[in-house]
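Numbering (the numbering used here), first residue to last: 21 to 146.
These notes are about the structure you will find just below.
Structure representation (structure tokens):
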């Protein structure tokens, strides 16, 4: 198995990318505009940043192929939520647009062989 620089296997990177593509498609289907995908800075990464009307929506995407390790969204800990909030502040500092509020969502993607992807979108989680 090939490892990338961040310690994830190539398979996990592909799985995560597939989940983020599905999540972005899901957001667009719900009328949101995807503004950024995999925005990175030295402090970390935001999976998806979207806008709807005058509200910013920051989405953490968790993708799994099974429930052996629990629901995908359970991987979003309080520490992860704090990091996402901090990263969002950094993202906003580099933007010209102003937003009337920020919502933090978690999108769970469950990919099972032979089945369509199951997408669960939790809004305003933290």
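All C-beta atoms in this analysis are idealised placements derived from N, C-alpha and C, irrespective of residue type, glycine included.
For clarity, every value in this text was computed on a predicted model and none was experimentally measured.
| Item | Value |
| --- | --- |
| Between the beta-carbon of residue 79 and the beta-carbon of residue 67, is there less than 8 Å? | yes |
| Just tell me which of 40, 33, 32 and 29 has its CA closest to the CA of residue 127. | 40 |
| What beta strand (DSSP E) runs, 3 residues minimum, are completely inside the stretch 88-143? | 122-130 and 138-142 |
| Taking all protein chains shown into account, do 16 or more other C-beta atoms lie within 10 angstroms of the C-beta of residue 92, making it buried, or fewer, making it exposed? | buried |
| Does residue 55 come out as helix, strand or coil in the three-state DSSP assignment? | strand |
| With burial defined as no fewer than 16 other Cβ atoms inside 10 Å of the residue's Cβ, what is the status of residue 88: buried or exposed? | exposed |
| Quick check: what's the CA-CA separation for residue 98 versus residue 130? | 22 Å |
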